[in-house]
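Remarks on the structure that follows.
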Amino acid sequence: DTGVSQDPRHKITKRGQNVTFRCDPISEHNRLYWYRQTLGQGPEFLTYFQNEAQLEKSRLLSDRFSAERPKGSFSTLEIQRTEQGDSAMYLCASSTWTSGRGATDTQYFGPGTRLTVL
Amino acid sequence: QQQVKQSPQSLIVQKGGISIINCAYENTAFDYFPWYQQFPGKGPALLIAIRPDVSEKKEGRFTISFNKSAKQFSLHIMDSQPGDSATYFCAASYRNDYKLSFGAGTTVTVRA
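Chains A and B supply the protein sequences, listed in that same order.
Under our numbering, the residues of the first sequence are numbered 1 to 118, in order.
Under our numbering, the residues of the second sequence are numbered 1001 to 1112, in order.
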């Protein structure tokens, strides 16, 4: 178990550019979540996948954001036409979700990708 | 709007002291309440979690107290150590989808 990894760890871009982040979840985890964290705040939910299906997107996720999880393994989060307000830490988490009584979903977070939009 | 309110924003405690962080929620559909610990430059790590069918859960020096009627829960860090200096987040989620709603965080500083 190597943990959740994210790449890159830091990204500096100019306003209007497109950026793409990658998340590699813990092997065999069926759920993958994306959160955004701004300075001094808790993470905010953006979207999540169960296997390859994207089950929910937050209203925070504007049309400029798109996420994929092909084949239910790694995931990418793309931001098009970046704006200064997109500057934040983008966190990925994965979990093994089980249903039924006593279901649990412990989410393991990666180190995050810090995006700075100039 | 923030679904989980956390206080205080920061606290300083002496080594060996007790740190207490409080959280309150409005949505009675929440049924899973984890606490996460985050160090600078790292992602949050699960510390301890509780479900509303119990009023207290203890793991080592960390204890969650849960008051369902008041819709409040708190984290107690006993015998605080300098290595506990970090930001702590409470969170809440629903059983069916588990996306987490986080509080704003509490920065704990333990003075040696």
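A virtual CB, placed ideally from N, CA and C, is assigned to each residue, including glycine.
8 Å contact criterion, which residue i and residue j should meet: CB distance rounded
| i | j | result |
| --- | --- | --- |
| residue 111(A) | residue 6(A) | 6 Å |
| residue 93(A) | residue 109(A) | 5 Å |
| residue 91(A) | residue 37(A) | 6 Å |
| residue 1098(B) | residue 34(A) | Incorrect: roughly 14 Å between the Cβ atoms, too far for contact. |
| residue 1037(B) | residue 1086(B) | 5 Å |
| residue 1022(B) | residue 1072(B) | 7 Å |
| residue 1101(B) | residue 1006(B) | Going by Cβ atoms, the distance from residue 1101(B) to residue 1006(B) rounds to 11 Å, so no, they are not a contact pair. |
| residue 32(A) | residue 75(A) | 5 Å |
| residue 131(A) | residue 8(A) | Residue numbering for chain A in the displayed model covers 1 to 118; residue 131(A) lies beyond these limits and cannot be assessed. |
Chain A contact for residue i (CB, 8 Å cutoff)
| i | result |
| --- | --- |
| residue 1044(B) | yes |
| residue 1100(B) | yes |
| residue 1060(B) | no |
| residue 1092(B) | no |
| residue 1070(B) | no |
| residue 1104(B) | yes |
Cβ of residue i within 8 Å of any chain B Cβ
| i | result |
| --- | --- |
| residue 25(A) | no |
| residue 97(A) | yes |
| residue 112(A) | yes |
| residue 109(A) | yes |
| residue 116(A) | no |
| residue 7(A) | no |
| residue 20(A) | no |
| residue 13(A) | no |
CB contact check: residue i to chain C, cutoff 8 Å
| i | result |
| --- | --- |
| residue 2(A) | Checking the listed chains, one finds no chain C in this structure; the protein chains it contains are A and B. |
Check: At a Cβ cut of 9 Å, what residues of the stretch 61-95 of chain A count as close to chain B, listed as they run along the chain?
Finding: 89, 91, 92, 93, 95
Checklist line | Touching by the beta-carbon criterion (3+ pairs, under 8 Å), the stretch 1104-1111 of chain B and the stretch 1050-1068 of chain B | finding: no
Check: Which residues, in chain order, does the stretch 1077-1092 of chain B contribute to contact with chain A at a C-beta distance below 7 Å?
Finding: 1089
Next item on the list: Report yes or no: do the stretch 1091-1103 of chain B and the stretch 1015-1031 of chain B share at least 3 C-beta pairs separated by less than 8 Å?
Entry: yes
Item checked: Proximal residues, the stretch 29-51 of chain A versus chain B, C-beta separation under 8 Å -> 31, 33, 35, 40, 41, 42, 43, 44, 45, 48
Check: If you pair each beta-carbon of the stretch 60-69 of chain A with each one of the stretch 78-87 of chain A, do three or more pairs fall below 8 Å?
Finding: yes
Next item on the list: Run through the stretch 1037-1109 of chain B for me and flag every whole beta strand (DSSP E) of 3 or more residues, listed as ranges in chain order.
Entry: 1045-1050, 1056-1059, 1062-1067, 1072-1077, 1086-1092
Next item on the list: Would you list, in sequence order, the uninterrupted beta strand (DSSP E) runs of no fewer than 3 residues that lie entirely inside the stretch 16-43 of chain A?
Entry: 19-24, 31-37
Margin query: Suppose only complete runs of 3+ residues qualify. What are the beta strand (DSSP E) ranges in the stretch 65-96 of chain A, listed by chain order?
Written below: 65-68, 75-79, 88-95
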